[in-house]
Amino acid sequence: MKAETLLATARAARLRAYAPYSRFLVGAALLTEEGAIITGANTENASHSMAVCAERVAMLTAVHAGYHCIKSIAVVADCSPPPTPCGACRQVLWELGGNLEVIMGNLNEEIKIRPLLDLLPQPFGAQKWAENPAGQELTHSEEMWRVPVPFHPVGYIANTFYQAESIPKNYKELLSQVVIDPEMEEGLYRLEEEEKISIITYLHQARSYVLKEKRSGRGNEVYGVFACRAPLRPNSIAQTTVELIDRKSNVLTVRGADLLNGTPVLDLKTVLPLQ
Ligand code: THU
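Each residue of the sequence shown is one higher than the one before, starting from 0 at the first, in numbering that gives the first Met the number 0.
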C-alpha cells in the first residue's frame, strides 16, 4: 500500500477528532500485516491532561481488534512541517508495534517517513504483546463472535442522491457510479462480463433500528428486521442488486442503486441465477 493511501485514511480519520480545547485535529491510520487499516483521532477532555493522541487511539484500537503485527502508522495534522508523534505515543507504538514505519503528513501533501527507532532511539522495554500467550488465548474462545468486526470500505457510491428522503421514486432507472479504490482495481478484472452485480454497502447515515415493526415496503404489516430489507438494521449493511452498464478502470456505472452519494462500499459480488 502506498504511503499516500494510508495518509488519505488518516486525513479522513482526523475529521472524527474531538478537540474542542486545542482545536488541533489529528488523525492516525495504522496498517497491519494483513492489510487492514485501523484509525484513530485525538480525543480531549475538560481535564486537559486526559487527552489521548490520535496515534494511541489507533494503536489501542488495533490491539483490541486482535491485530498483532503493525507495519506502519500515518499521522496527519494541519501544520507544517507535518506532526511528529509525542514522546508518550512513541513509547506506546514501540511497545505494541516495534520498529514500525511512521508516515507523517499534513493537508498540503508534505510527507516525512521515518522508522520509529529514528524517533525513539535507545527505547525502553520491547516486550511485544503478541509474544504474550495471554494475549492470544481469547482468539480461540467461542465468545469471540461477540467482538465487533472491523470492515474496511473498498470504495464509495457517487450520484446525486444526497438525502434518504430525496432518493427519486424511479431510482431503478437511474445511474450511479461505484468508485473503487484505485489500489484495488485489479480485483475488478473481468467484472464487465457480468450483467448484474451485487453491491454490499454500509449505510453510513442509518442509525437506530427496531427488531419488529410495521414495514412500509411490506404492505404496512409487521415484520422482523431480518424478514425485510429496511435500511435501519443492526449493522446498517445493505445488499443491492444492480445492472452493470460500464466499467472504466476503477469506476463502474450501474443502474438501479437506491444508495446515497458517498455510501461506503464494502464488497462487490456476482449474482448467481436462482437454481
Ligand atoms: N496530539 C495528537 O493527537 N498526536 C500528536 O502526535 C501530538 C498531539 C493531540 C493531543 C491534543 O489533543 C492536541 O493534539 C494538542 O496537543
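Note that beta-carbon positions come from the ideal geometry of N, C-alpha and C, so glycine has one too.
- Glu220 is bridged by DSSP to Arg214.
- Secondary structure of Tyr170 (DSSP, three-state): helix.
- Secondary structure within the region 6 to 70: the alpha helix (DSSP H) runs of 4 or more consecutive residues, fully enclosed, are 53 to 64 (chain order).
- For Arg145, the secondary structure class from DSSP, reduced to helix, strand or coil, is helix.
- Under DSSP, Val153 shares a beta bridge with no residue.
- A contact is defined here as three or more CB-CB pairs under 8 Å, and the region 182 to 196 fails this definition with respect to the region 221 to 230.
- Annotated three-state conformation of Val177 is strand, per DSSP.
- Restricted to the region 68 to 97, the alpha helix (DSSP H) segments that are unbroken, complete and at least 4 residues in length are 86 to 96, listed in chain order.
- By the neighbour-count definition (other C-beta atoms within 10 Å, threshold 16), Trp93 is a buried residue.
- Remark: C-beta atoms of Asp257 and Tyr170 approach each other more closely than 9 Å.
- Inter-residue distance for Glu193 and Leu271 is about 10 Å (C-alpha atoms, whole angstroms).
- Look at Ala229 here: in three-state DSSP terms it is coil, with no helix or strand label.
- Annotation: the continuous alpha helix (DSSP H) that includes Leu116 extends over 115 to 118.
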